[in-house]
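Colleague: Mapping of the sequence shown onto our numbering: residues 486 to 594, in sequence order. Glycine included, C-beta positions come from ideal geometry on N, C-alpha and C. Please read these numbers as outputs of a predicted model, since none were measured by experiment. Quick one: the structure is below, and I'll ask about it shortly.
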Amino acid sequence: MPKFLITASYTADGSRGLLQEGGTGRKRALEQALQSMNGKLEAMYYAFGDTDVVLIADVPDNVSGLALSLAANASGTVNVHSTPLITVEEMDAACKKSVAYRGAGAAAV
Numbered sequence: 486m487p488k489f490l491i492t493a494s495y496t497a498d499g500s501r502g503l504l505q506e507g508g509t510g511r512k513r514a515l516e517q518a519l520q521s522m523n524g525k526l527e528a529m530y531y532a533f534g535d536t537d538v539v540l541i542a543d544v545p546d547n548v549s550g551l552a553l554s555l556a557a558n559a560s561g562t563v564n565v566h567s568t569p570l571i572t573v574e575e576m577d578a579a580c581k582k583s584v585a586y587r588g589a590g591a592a593a594v
C-alpha cells in the first residue's frame, strides 16, 4: 500500500476548529477519513512554524492519496502537501531500469 508523508498548515478557520476539537478530535477525524478509503494513519505529530501537522499515512493507491489531499484542501481549513514515499526496494528497482533520455541541449548519441 503506498505510503505518504502529509504536511499541513491550518488556516485561521482551521486553527479555530482545532482549538474547539483538540488534537485528539482531529486525529480521530483523520483516521475516519483514511478508513473510509481503506487507508490507515501510521503516525501523526503536531509542530509549529510553517507546518502545523505531519502525518504518515497508508492509502490504497495514488488516486486515493490525491482524493484525500483535494478534499482537505477544498475544506478551506488547511493547506495540505502530500509526498509519496518510495521504499528502498522500489528505489532499487528504479535504479535497474534503463531509460533512453537525452538531457536538454545534449548531443544525441
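Whole angstroms are fine: how far does the CA of MET486 sit from the CA of ASN564?
Modeller: Translated into positions along the sequence shown, residue 564 becomes position 79. Translated into positions along the sequence shown, residue 486 becomes position 1. Approximately 24 Å between the Cα atoms of the pair.
Colleague: Identify the residues that DSSP records as bridge partners of SER494: which are they?
Modeller: Stepping through the sequence shown from its first residue, residue 494 is reached at position 9. According to DSSP, SER494 bridges with ASN564.
Colleague: Going by Cα to Cα distance, which pick from ASN523, ILE541, GLN520 and SER521 is closest to TYR530?
Modeller: Start at 1 with the first residue of the sequence shown, and residue 530 comes out as number 45. Cα-wise, what sits closest to TYR530 is ILE541.
Colleague: Assess, as a yes-or-no matter, whether the stretch 501-516 is touched by the stretch 574-587 under the definition of 3 or more beta carbon pairs within less than 8 Å.
Modeller: Contact between the stretch 574-587 and the stretch 501-516 is absent, because fewer than three Cβ pairs lie under 8 Å.
Colleague: Which one of ASP535, LEU490, LYS488 and ASP498 has the shortest CA to CA distance from GLY561?
Modeller: Taking the sequence shown and counting its residues from 1, the one referred to as residue 561 is at position 76. Ranking ASP535, LEU490, LYS488 and ASP498 by Cα distance to GLY561 puts ASP498 first.
Colleague: Could you have a look at LYS582 and say whether DSSP puts it in helix, strand or coil?
Modeller: As a first step, residue 582 must be located in the sequence shown, where it is residue number 97. Residue state, collapsed to three classes: coil.
Colleague: Can you tell me whether DSSP reads ASP543 as helix, strand or coil?
Modeller: Residue numbering aside, residue 543 sits at position 58 when the sequence shown is read from its first letter. Reduced to three states, the DSSP call for ASP543 is strand.
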